[in-house]
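Beneath this line is the structure, given in structure tokens, with notes to follow.
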Amino acid sequence: MSIGYACIVAGNQELSLKSCTLKNATPDKLEEITAYNLDILEKILEYNIRNRIQLFRISSDIVPFASKKEVIFPWQDLMKEKLERIGEKAKENQIRLSMHPGQYTVLNSPDPDVVERAVLDLVYHTEFLDLCHMKSDCKIILHIGGAYGDKITAKERFIKNYKLLPQNVKNRLVIENDDKIYHIQDVLEIADQLGIPVIFDVFHHEVNPPKENKIVLEWLSLVKKTWQKKDGIPKIHYSQQLLHGKPGAHSETISLSDFMDFFYKIQPNDVDIMLEVKDKNLSAVKCILATDKKGNIKSLENEWSLYKYNVLEHSHSIYLEIRSLLKDKSGYPVIQFYKLLECAMQTPVDIGQQRNALQHVWGYFKDQVTEQEKKKFMTMLEEYDQHKNDVAKSKRYLFRLLEKYPEPYLKNSYFFTEL
DNA sequence: TGACGTCAAGATCCG
DNA sequence: CGGATCTTGACGTCA
Numbered sequence: 004m005s006i007g008y009a010c011i012v013a014g015n016q017e018l019s020l021k022s023c024t025l026k027n028a029t030p031d032k033l034e035e036i037t038a039y040n041l042d043i044l045e046k047i048l049e050y051n052i053r054n055r056i057q058l059f060r061i062s063s064d065i066v067p068f069a070s071k072k073e074v075i076f077p078w079q080d081l082m083k084e085k086l087e088r089i090g091e092k093a094k095e096n097q098i099r100l101s102m103h104p105g106q107y108t109v110l111n112s113p114d115p116d117v118v119e120r121a122v123l124d125l126v127y128h129t130e131f132l133d134l135c136h137m138k139s140d141c142k143i144i145l146h147i148g149g150a151y152g153d154k155i156t157a158k159e160r161f162i163k164n165y166k167l168l169p170q171n172v173k174n175r176l177v178i179e180n181d182d183k184i185y186h187i188q189d190v191l192e193i194a195d196q197l198g199i200p201v202i203f204d205v206f207h208h209e210v211n212p213p214k215e216n217k218i219v220l221e222w223l224s225l226v227k228k229t230w231q232k233k234d235g236i237p238k239i240h241y242s243q244q245l246l247h248g249k250p251g252a253h254s255e256t257i258s259l260s261d262f263m264d265f266f267y268k269i270q271p272n273d274v275d276i277m278l279e280v281k282d283k284n285l286s287a288v289k290c291i292l293a294t295d296k297k298g299n300i301k302s303l304e305n306e307w308s309l310y311k312y313n314v315l316e317h318s319h320s321i322y323l324e325i326r327s328l329l330k331d332k333s334g335y336p337v338i339q340f341y342k343l344l345e346c347a348m349q350t351p352v353d354i355g356q357q358r359n360a361l362q363h364v365w366g367y368f369k370d371q372v373t374e375q376e377k378k379k380f381m382t383m384l385e386e387y388d389q390h391k392n393d394v395a396k397s398k399r400y401l402f403r404l405l406e407k408y409p410e411p412y413l414k415n416s417y418f419f420t421e422l
């Protein structure tokens, strides 16, 4: 079983991809951005390796406008070596990669132009994974598309158009239930006709269940049967409702207790779980550590080093509680640790503690900065006390000081990330 | 025609 | 001029 996340590394700006607008998309610009993005992807894989994350979705934006036929840019040839290196790294470390064209790739549209673009887009995604030499268990996930007032015909059109796809696309394509139109029963029906695997999105299923009343475990068991040996371990999508958000909106972080309830319910020895959540890798690490049977306190100490100043901003008492929780070096209180962490992050920031956290962090700089830099920070603190500016300004300033005075402990921490 | 979702690029504003 | 903040882009469907 692997647990993973999609596309973006939270808490690390250095690992974000570049893009451009269509109007600026010259071949040179595209080559520059793509080369940059692939180097970043390699670094993201290294991050995933360090954190034992073996499931990862590559952003469709990795090669900008790759599937637009007006944009001529032979990325397949230009990036051959980089793609091979990425594939090697993934394989060596048993990382399962996937890609997921968004809601605008619609294979079952009645408009032939839309279908043509969808096919080109699927071909792009397939070529990307093929050029990395990934096995056929590295999938491309697609939704069924629109209903156009006649779901039966729309389903038939999906099936018809699927059959026209090139074989290498078919080798990777899997279909997923969505939160609006095609529920899991629809998708299983299509999958049965085509003989292709189904991704069961547990959250979409909650939002958009079929009329037929089966428990989640029964649907899951039907879904698992659609995966053959060559397709790898069945994969599911898991996310949670954003409280006070629109139905279907993804939560900021994964609530660990809800995740663990689900985890024990499904006994997921033989599924991979892709998390769809705003804090991305942060939740993936949480769920991986929480389900690790032989976990080590060192992992929690490392997590603590990343979150401690954020916790301090919200609650001094929980800060102390976690510190004491981690004192016993023989235990592995992972559930309790994240319970406290989640609790702290849900507590509104305490103005006084926020100032306290700023000063803690300032402690890393105070003996090495110039008088001028010191003065500037002190002025900011004064203004902060008089409510003339917000904490974000001081944080930005401290973050900028990190470039001049490198402090890896601080740089890695989430203090400068909005959580 | 605008909302939907997403987030960096691009544009504009500010001191 | 650099930095902060607001707006646009790119996609297809549906009300």
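By this note's numbering, the letter at position 269 of the first sequence is numbered 272, and the numbering carries on one by one without gaps. Glycine included, C-beta positions come from ideal geometry on N, C-alpha and C.
- Taken atom to atom, the span from the alpha-carbon of Lys342 to that of Leu167 is near 50 Å.
- When C-alpha distances from Val117 are compared across Lys83, Met102 and Phe161, the shortest belongs to Phe161.
- Annotation for Glu179: the continuous beta strand (DSSP E) segment containing it runs Leu176 to Glu179.
- Counting the other CB atoms within 10 Å of its CB gives Gly90 a total of 16 or more, which places it among the buried residues.
- About 13 Å separates the CB atoms of Glu45 and Lys94; that is not less than 8 Å, and the two are not in contact.
- In the DSSP assignment, no residue is bridged to Asp182.
- One alpha carbon belongs to Trp365, the other to Tyr310, and they sit about 16 Å apart.
- One alpha carbon belongs to Val314, the other to Pro351, and they sit about 11 Å apart.
- No Cβ-Cβ contact shorter than 8 Å links Leu329 with Ile291.
- In the DSSP secondary-structure assignment, Phe59 is bridged to Tyr8 and Leu100.
- Counting C-beta pairs with one atom in each stretch, the stretch 225-236 and the stretch 190-205 have three or more that are closer than 8 Å, which means they touch.
- Looking at the backbone, the Cα of Glu376 and that of Leu404 are separated by about 9 Å.
- Thr256 is positioned such that its CB atom lies no closer than 8 Å to that of Val288.
- Runs of the beta strand (DSSP E) lying entirely within the stretch 197-230 and spanning at least 3 residues, in chain order: 201-204.
- Closest in C-alpha terms to Lys398, from the list Pro411, His390, Lys391 and Met383, comes Met383.
- A residue is called buried when at least 16 other Cβ atoms come within 10 angstroms of its Cβ; Gly149 meets this threshold and is buried.
- Judged by DSSP in its simplified three-state form, Gln339 adopts helix.
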